[in-house]
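Position in the sequence shown counted from 1, then plus 1, gives you this note's numbering. Don't be surprised by glycine CBs; every beta carbon is placed ideally from N, CA and C. As the structure is a prediction and not an experimental result, all values here were calculated from the model.
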Amino acid sequence: MTSAVIQRAQILIEQRRFQDAISYILEHLASLPNNSYALYLLAFCHIQLQQIDEAEIVVNNALAIDPTRDTLFFLKARIAFMKDEYQDAIQAIKEAIAINPQEADYFAFWSQVLLSKSFYKEGLAKAEEGLALAPEHENCLNMRSNALYYLGKKDAAFSDLKDVLSRNPEDAYSHASLGWKRLEAGDHRQAVEDFRESLRLHPNQLWSKRGALQALQARYLIFRQILKYTFFMKRQGLFIQLFLIVGILVLGHLISQVFFPLYLLFAMMAVAPWLMDPLSDLFLRFHLKERPIAAEEQSGLSSLTGILFNIAITAAVGYCVTAIHPLLGLAAIIGGMMLPVINVFSTYDGRPPSTIIICYILIIAAMGITGIGITIASRDPFSICMSVIVIAAFIYQLLAKFVFSQKK
């Protein structure tokens, strides 16, 4: 029997007053510390408040008490996904499904994880499994719509979304999903309205905030073209993405023998998908009208990205104009460090950055300083240190792409 305190907490959760709900849940746990359902609610509230470390501790404690509650494994999967631990997320959702194979939500989540790493066919299959259990399940329909869109079946994708919204016009996720598809189709004006509606219904939905940022930025031609290229890369499968990145860098190197500035352009194309989010936020921070949409927690990341980006571009352009070789070395150092630095500062609140990435950044910095010294002494802009920096930056992109290759 559910206590009056827990019932009050449930009402607060429905009202999205998660911090208030936590107070009631803790009051209940003070007398019944091993109540796994109360622990589930507590972890759920922490997740909604982006308090991932606290949620993880609660879930692990709850699973030690009740390892047969599928909803706890679902929360464990969500936490792993938020920490970019994709294999752990799938392992946890598999355990949830093993306990309760009739819950369509779990298949929708599995689909979401796969789609986030560009496994569109596999993601579609999981969404279909969920719909076999619940034909009108909104999350599964959303995931199927996303998969169909990236598999080239755009009419069916839009049809699924409109079907969901006709039944539930208050579904914030569906409005955001529709906004992303319209943005990719080039209708950035209508996409802005979709994202605004999503944020009206769910003000803290980060996916909607990112979409709104990019839709507003797409009003400007140069950013619109970068966005198109980013979406193009996203539509490709994993190995095609790798092939394109390799091709861009190799072609850029060949062209650099004739006209070096083109190599810089090709290098920027290779890293554009990683830079889009922080540069979008940086851009909109200078537009007071739209500043409330920008996520405050991303302001530091966007500032750092903007500083690094401007230093790299200024140094590269300076080298092209003046042929001062150390400037090329500076551009190589900053360019090689930019992606891992973004990775470090874009992790969720409280998670320490990867030791490997920190070591990578320090090694690149040390090699860059050494390379600049060699360049000054030898007047050779393409010293061994500079070459290693370029190769290291390329390897970093490959590792980022392959980090989820063992999904099965």
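Counting Cβ pairs closer than 8 Å, one from the region 223–230 and one from the region 203–210, do we hit at least three? The answer is no - the region 203–210 does not touch the region 223–230, with fewer than three Cβ pairs under 8 Å.
Taking Cβ to Cβ, would you say Arg-183 is nearer than 7 Å to Asp-161? no
Close Cβ partners of Tyr-121 (< 7 Å) along its chain, the five nearest in sequence each way excluded: Ala-148, Tyr-151, Leu-152
Using the Cβ count rule (16 or more neighbours within 10 Å means buried), how would you classify Leu-115? buried
Exposure label - Glu-137; buried when at least 16 CB within 10 Å: exposed
Going by other Cβ atoms of all chains shown within 10 Å of its Cβ, with 16 needed for buried, is Ser-119 buried or exposed? buried
Within the same chain, show all residues whose beta-carbon is closer than 8 Å to that of Ser-167, passing over the 5 residues directly before and after it, in chain order. none
Quick one: give me the first and last residue of the alpha helix (DSSP H) that Ile-91 is part of. 87–100
Thinking just about the alpha-carbon of each residue, which of Phe-196, Pro-68, Ser-24, Gln-215 is nearest to the one in Asn-35? Pro-68
Compute the distance between the beta-carbons of Leu-73 and Ala-63, then report whether it is under 7 Å. yes
Alpha-carbon spacing of Gly-319 relative to Leu-214, whole angstroms: 31 Å
Of all the options Cys-141, Gly-124, Ala-186, which has the alpha carbon lying nearest to the alpha carbon of Gly-131? For the residues Cys-141, Gly-124, Ala-186, the minimum Cα distance to Gly-131 belongs to Cys-141.
Close beta carbons around His-176, own chain, < 8 Å, minus the five adjacent residues each side: If we look at His-176 and ignore the five residues flanking it on each side, its Cβ neighbours are Leu-166, Asp-195, Phe-196, Glu-198, Ser-199, Leu-202, Ser-209.
Backbone secondary structure at Ile-312 - three-state DSSP: helix
Reduced DSSP category for Glu-104 - H, G, I as helix; E, B as strand; rest coil: coil
At 4 residues or longer, what runs of the alpha helix (DSSP H) sit wholly inside the region 46–77? 53–66
Pair within 7 Å by beta-carbon distance, Glu-96 and Ile-80: no
DSSP three-state label for Leu-33, please. coil
Alpha carbon to alpha carbon, how far is Ile-94 from Pro-102? Give it in angstroms, no decimals. When rounded, the distance between both Cα atoms is 10 Å.
By DSSP, does Asn-205 sit in helix, in strand, or in coil? In the three-state reduction of the DSSP assignment, Asn-205 falls in the coil class.
If Val-59 and Lys-77 are in contact, beta carbons under 8 Å, what's the gap, nearest whole angstrom? Contact flag wrong, Cβ pair sits at about 10 Å.
Identity of the residue in Met-234, Arg-190, Gln-16 nearest Ala-219 by Cα: Arg-190
Residue range of the alpha helix (DSSP H) that Arg-183 falls in? 173–186
Can you name the start and end residues of the alpha helix (DSSP H) that Gln-169 belongs to? Checking the sequence shown, residue 169 turns out to be Asn, not Gln. Taken as a continuous stretch (DSSP letters only), Asn-169 belongs to no alpha helix (DSSP H), as it is neither H nor E.
Report the option in Asp-172, Pro-170, Asn-143 whose CA atom is closest to the CA atom of Ala-158. The candidate whose alpha carbon is nearest that of Ala-158 is Asn-143.
Does the distance from the CB of Val-193 to the CB of Ala-173 come in under 7 Å? no
Using only CA atoms, which one of Gln-113, Ala-105, Ala-65 lies nearest to Tyr-87? Gln-113
Output needed for Ala-135: all residues of its chain with C-beta closer than 6 Å, excluding positions within five of it in sequence on either side, in chain order. Ala-105.
Span of the alpha helix (DSSP H) around Tyr-121: 121–134
With H, G and I counted as helix, E and B as strand and the rest as coil, what does DSSP make of Ser-4? coil
From Ala-109 to Leu-42, what does the alpha carbon distance come to, in whole angstroms? 21 Å
Looking only at its chain, what residues have a beta carbon closer than 6 Å to the beta carbon of Thr-315, apart from the 5 residues adjacent to it on each side? none
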